[in-house]
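Data block below; observations after.
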Amino acid sequence: MDFELSDEQGMLKDSVERFVKDNYSSEARAKLADSEAGFSEDHWKMMAELGWLGMPFAEEVGGFGGGAVETAIMMECMGRGLVLEPFLATVILGGGLVTEAGSADQIEAIIPAVIEGNMKLAFAYAEPKSRFDLNNVETTASKSGDGYVLNGHKSVVYHGTAADKIIVSARTSGNAMDEDGISLFLVDNGASGLTRRDYRTVDGQRAADFTLENLKVGADALLGVEGKAYPVIEKVVERAIGALCAEAVGAMQQANEITNEYIKERKQFGVPIGKFQVLQHRMVDMYMEAEQSKSMSDMVAMKLSLEDEKERKRAVAAAKAQVGKAAKFVGQQSIQLHGGMGMTDEYSIGHYFKRLTTIEMLFGNTDYHFKKFAELSA
Amino acid sequence: MDFELSDEQGMLKDSVERFVKDNYSSEARAKLADSEAGFSEDHWKMMAELGWLGMPFAEEVGGFGGGAVETAIMMECMGRGLVLEPFLATVILGGGLVTEAGSADQIEAIIPAVIEGNMKLAFAYAEPKSRFDLNNVETTASKSGDGYVLNGHKSVVYHGTAADKIIVSARTSGNAMDEDGISLFLVDNGASGLTRRDYRTVDGQRAADFTLENLKVGADALLGVEGKAYPVIEKVVERAIGALCAEAVGAMQQANEITNEYIKERKQFGVPIGKFQVLQHRMVDMYMEAEQSKSMSDMVAMKLSLEDEKERKRAVAAAKAQVGKAAKFVGQQSIQLHGGMGMTDEYSIGHYFKRLTTIEMLFGNTDYHFKKFAELSA
Amino acid sequence: MDLSFSKEDLAFRDEVREFLQNSLPPDVKDRCDRGLHPTREGQIRWQKILHEKGWMAPNWPKEYGGTGWSITQKYIAAHEFGQASAPIATPFGVSMVGPVIYTFGNQEQKDQYLPRILASEDWWCQGYSEPGSGSDLASLQTKAVRDGDDYIVNGQKIWTSYAHYADMIFCLVRTDPKAKQQEGISFLLIDMKTPGITVKPIYGIDKENSLNEVFFEDVRVPVKNRIGEENKGWTYAKFLLGNERTGIARVARSKRQVVRVREIAAAEMSGGRPLIEDPDFIAKLTRIEVDLMALEYTELRMLSMLANGKKLSAEPSLLKIRGTEIQQRLTELMVESLGMYGAPYEPERDYAGRNDIHPGPDYAHGPMAEHLYLRAATIYGGSNEIQRNIVSKMVLGL
Amino acid sequence: MDLSFSKEDLAFRDEVREFLQNSLPPDVKDRCDRGLHPTREGQIRWQKILHEKGWMAPNWPKEYGGTGWSITQKYIAAHEFGQASAPIATPFGVSMVGPVIYTFGNQEQKDQYLPRILASEDWWCQGYSEPGSGSDLASLQTKAVRDGDDYIVNGQKIWTSYAHYADMIFCLVRTDPKAKQQEGISFLLIDMKTPGITVKPIYGIDKENSLNEVFFEDVRVPVKNRIGEENKGWTYAKFLLGNERTGIARVARSKRQVVRVREIAAAEMSGGRPLIEDPDFIAKLTRIEVDLMALEYTELRMLSMLANGKKLSAEPSLLKIRGTEIQQRLTELMVESLGMYGAPYEPERDYAGRNDIHPGPDYAHGPMAEHLYLRAATIYGGSNEIQRNIVSKMVLGL
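Given below as structure tokens:
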């Protein structure tokens, strides 16, 4: 039983920390978030050069064979800087789906390009009526000749704008809510029959809705076994949740440090407001929520490799529930303790609040995961 | 729209306040609670003489024709002193059921005796499996000749020991959970076939469980129409809930005043602990919860006379939910702010905590009433 | 004790309801219902309609153009406005500086400013907070030095809502730097067009400009624009803060929000069923509703005390604390009800590529904007921490 | 990072499990499981079994009779004890004064007291708090005046757990009344049979006697019963408080409570269905379980830091705060699960007409007693408010 990092892991941590320190001052981050793309291609190249984009992939395809712990280390550091590049969308989600479900040809065609920073991916799973249910898929894929014809609407695809390829979940059989009958398709962004609607999200990221109207794809677009994608989706989303938990921990710790510094400096009635006991205890509660989240994030990173499915799922649900609860509390109270200053776009703390707000929603909000945990504990 | 008391109501309030001041010092109350009977027959006679036991009854039967507002005024004052006499059990519950359901003969035989202080009543509605559902009745009453034979188990009958007559809900038809088929019976305490098990409750009151084994009663024991008791029970329990809300408000206000005084006096680190901001804000939250409860208690007292059943039930559920939530918070934090002193039987605050704890449970706890409110709001 | 309304009150309620149904411009109502900031033009257009009806200033004495409503009628009107998503008049003129002017101003000031407030000819803003003085208002530094018939004002105000819309600002300035904090302050009315005034926008976390910094550099303000006596401004400021209580709980608005949450949750699906049937969601909503009901009757109880000639001390702080907590919980729940369509958000100001229309359902346009903006509700007007300090001191004597 | 246990650790776990299954007396287990106070006899009987096994003092160095367990093994043992509802040794001897004696005591003291603690021949109690000094411990007033080879002790201690069971008391006394608060305090070991000591019971809100007042009137204590130097007692007292951290979170006990709540809620009915299927009930239980899981991994994370030679500052305060909050929420929920059978309650002490057996189901006997007693969990050992002060100062630097 050990929570300490290995030497290699410690070096990885130092390296991402340095990247964040050098490139993610709050001014630089704000500028990037307000730019049209919303992230930096230069940073992306840098990440590729540093080997981060290959971290979780097997060595056979050019990766470094890292696991969920390595992902968590990176995400936690990125959370501290509110890093905007599509690491989660491309590497964890997109890369994860391709390696878990893809054929040797598909892996060969995509993963090395991802690792080199030459291909970005996004995962289109949500739909207007699906809320957080990954199995609630109404988009259809009908056999047509050698290929398929896709029809439907995919919602709030993070980084759907920048991605070269979109991985779309669609139903090849069964009814909405059936776990069976869901398939994954690799679709080129810009394919005919695919209409994209770009927009910004409250956390300064970019997302898109996609309308699929008689979108024709070949048989080679099918990722994995027809109708059997659900377990793969679940598994990859579990990893994404683990990664998000780590990102949230980094963001909370940074938000707490910023707030702690602020209340030490800010004076009212002739004393730093950090001398008021009510604010001290609030700050202690924020600290404790972040610590509890850190423990859960570490725990889930270690448990993601478990074979015992129930135990693993229980860990994921518990971690996301704790992190979601903490993210709301820390985010909101960070603003409160800053007073008016916390309400300004110029000051960094609001951006932490907003990213923590969306992390709470992503892949199921707090209530959703509490419920899932309860079901798994019954 | 007016929340002020009339002159008569003000006089009633003064009179109960005086009674509590004269007879319910915390020492006197503790002694009474620890005595075998758990309340004072002398007090009971005094209450009869002051006309309180007749307050809610119609003038035709010797009462004063008061309504829920008058009951609330009395209960709030009694809550401040944690009064132990069986006013709620005898006058509100027992008296309420008899006047709502009883025949002229039954009313004549019971109510004047109640008003004079010569008869006590108790309502046996709960059962081991019923929890808070008034319709969950498994005790049976089978026709037998002119009368009935009762079998079953009635749980936690407050003041079941002291009562002369027990009003028992039993099923004359239908299945457990059916609202239809429930009847009320007047049973003499000590009747053959009735086994009583006396005990104390955590709030210093007395209660009993009853086992009914082939208990034979005559046709005149039936209170109201056979099988149609449920709406009557509901109505009378609504009034009891209103009364309990008022009692809780009195108890909370008193607990807050005791605690407020304590933190002004008690010194640590050279200053009164009431100078610590965290305790100040806690006390403010306790004050606000009591104020919110007072508003709901007044509201429900005024709404108990409404014809609109849904609006009335919604008010009752909301009031009990708010009061239950507040009662827990105020009771628990009163102990916390007293520190070790709050943990002693000798000091009064613990008794407020314990009565508030049982009020929260009585006739449905906080969750139960939130759920009821939700159903009525859907 | 009696909860019923008189026949006259019910007739009044019908009148308000009918007026709002007929006269409230749909575009104004729509922005208000969604929780978006009003446009300057829309707000003024609506206020002129209110003025025409004679309902611009329910709290003013009748002689200055008030409505003469009873406390019950004011409650009814506020309730109906909230239910109908009708904006109330911007508070800086009619609720804040107006009462200061008719209470402490001279005849000339009354004649000059009050009619223009009623007619929405002047948009006012409030120059109280400064960078160093938030909760500790009396530590303000902006100074005004006498020079003949003028004061020369230098300094800076911050968090000035809608200063970029404003024609006039009422300002606390320090006229005696040697006096103790709360003494030496004066209350000035300043024309925003006076040379030397610069308004600098502050963009909020909602990326909108509703707050501003206001800079004063050798701004000449005629002495006749001072309210009351020199160095007595703190008295008028305190009066204003104490006056800011009407409708502070925003019960009617929150009741409307409950209805909106219910509508959205009935349309949204979760686990293949309407979200409104989800027990956890309902549990949260129900708890807010019961807190809101308790707050509503607490407000009524306080109004009843006022109507019976009793005085309140710090009880309105309870309305502020609970009211703002409920507002925040409601917008948070509304965002939650949207699922992932809670995340898309673009401010209304122009930039390349922005979307005018929310990608999700129509009701998804608004909640996040309000959620962001309302984080300030527990900060402004005396933070909830300050309000608890006040109750602790004034009510509990701690 | 690695969560798995080694083969040796798993074997150790099996050994502990087997030992508890075979050796824990059923009556002792039953009281512990219900959350009732232990009897003196039962507790000592169980401790003698632990001593025979050599497991009386897991935290002591091996030379004094400790187990030599690794941090992981200690965690495993605590976990198994909690799951099996096996009481831990009363802390006053083995966890509190024992480490003070072997760290600061002389050879004679070590030889005299440590074996008797291990063998449960002395029941110890703690003389720290006084009527005027609760959270502010250093303000204590009990004084000890030197008289030849003795001190003469006069004063009063309060909140002394199990003083009525105790053979020995360790006491903080003021030996230099002129010194500053924390100086001038000495640490004495006093035989409870010494003339001049009176124990007066304090009945708790559970109407049981677990706390006491202890009065000292001209009590002669040999100077050789002083630990370490005169006037340096505060150092030893602080060491003791800092040492009180093991298992402070009581995670294992709370995990057992979760199981009990589930069992009760499966047996109880609500609305005609098992309570365990009620979404509101489940929501509350689930939230506690997740908080508990987070606490468990926080504790493990801290143990891992210790095992890797890192030092903790005020992090254990987090364990105390969260642990006690969870304990209270759990017993509250357990009482709630009983419905109206939560209300019947009679203390165990004798009086006319008391009932031995709870009128409700067997599992209803216990929860209310523990609910009442555990209200003190957020008060004793440094109230949770004091713990938050400590974290604020030590970790956050506020």
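Residue numbers (the numbering used here), protein chains in the order written: chain U, 436 to 813; chain Z, 436 to 813; chain S, -8 to 389; chain L, -8 to 389. From the three backbone atoms N, C-alpha and C, an ideal C-beta is built for every residue, glycine too.
Here residue 228/S is buried, its C-beta having at least 16 other C-beta atoms within 10 Å.
The residue from 770/Z, 691/Z and 601/Z with its alpha-carbon nearest to that of residue 389/S is 691/Z. Taken atom to atom, the span from the alpha-carbon of residue 91/S to that of residue 231/S is near 7 Å.
Taking 7 Å as the cut-off between beta carbons, the residues of the region 707 to 722 of chain U near chain Z are 711, 712, 713 and 716, in sequence order. With 16 or more other CB atoms across the displayed protein chains lying within 10 angstroms of its CB, residue 618/U is buried. When 28/S, 147/S and 215/S are compared, the shortest CA-CA separation from residue 356/S is found for 28/S. The CB of residue 731/U comes closer than 8 Å to the CB of 284, 285 and 288 in chain L, given here in chain order.
Going by C-alpha positions, residue 133/L is about 42 Å away from residue 684/Z.
Nearest CB-CB separation between residue 271/L and chain S: below the 8 Å threshold. Look at residue 256/S: its C-beta is not under 8 Å from any C-beta on chain L. Residue burial annotation: residue 179/S is buried, with at least 16 other C-beta atoms found within 10 angstroms of its C-beta. For the region 746 to 764 of chain U, the set of positions with a beta-carbon nearer than 7 Å to some beta-carbon of chain L reads 753, 756 and 757 in chain order. Taking all protein chains shown into account, residue 800/Z has 16 or more neighbouring C-beta atoms within 10 Å of its C-beta and is therefore buried. Interface flag for residue 366/L against chain Z is set, since a Cβ pair is found closer than 8 Å.
Burial check for residue 342/L: the Cβ neighbour count within 10 Å stays below 16, so the residue is exposed. In summary, the residues of the region 172 to 204 of chain S whose CB is separated from some CB of chain U by less than 7 Å are 193, 194, 195, 196 and 198, in the order they occur in the chain. At least one C-beta of chain L is nearer than 8 Å to the C-beta of residue 274/S. For residue 729/Z and residue 781/Z, the gap between their C-alpha atoms comes out near 28 Å.
Nearest Cα to residue 473/U within the set 709/U, 597/U, 793/U and 605/U: 597/U.
Per DSSP, residue 125/S has no beta bridge partner at all. In summary, residue 476/Z is exposed, with fewer than 16 beta-carbon neighbours lying within 10 Å of its beta-carbon over all protein chains present. Interface criterion met: the Cβ of residue 263/S is under 8 Å from a Cβ in chain U. Annotation for residue 643/U: the continuous beta strand (DSSP E) segment containing it runs 641 to 652.
Taking a Cβ-Cβ cut-off of 7 Å, the neighbours of residue 309/S in chain Z comprise 723 and 726, given in sequence order.
Membership of residue 768/Z in the alpha helix (DSSP H) is indicated by the continuous run 744 to 773.
A Cβ-Cβ distance of about 6 Å is found for the pair residue 547/U and residue 496/U, placing them in contact under the 8 Å criterion. In terms of Cβ geometry, residue 591/Z and residue 379/S do not form a close pair [threshold 8 Å]. Counted as a single uninterrupted DSSP element, the alpha helix (DSSP H) harbouring residue 358/S occupies residues 358 to 365. Residue 189/S has 206/S as its beta-bridge partners, per DSSP.
Within the region 646 to 678 of chain U, no residue places its CB atom closer than 8 Å to a CB of chain L. In terms of Cα proximity to residue 571/Z, the closest of 327/L, 371/L and 262/L is 262/L. At least one CB atom of chain U sits nearer than 8 Å to the CB of residue 150/S.
Cβ neighbours of residue 150/S within its own chain (closer than 7 Å, five residues either side excluded): 120 and 202. Taking a 10 Å sphere around the C-beta of residue 770/U, we find 16 or more other C-beta atoms and assign the residue as buried. Residue 703/Z and residue 127/L do touch by the CB rule: their CB atoms are close to 4 Å apart, below 8 Å.
Neighbours of residue 126/S across chain U, judged by C-beta separation under 9 Å: 703, 704, 708 and 774.
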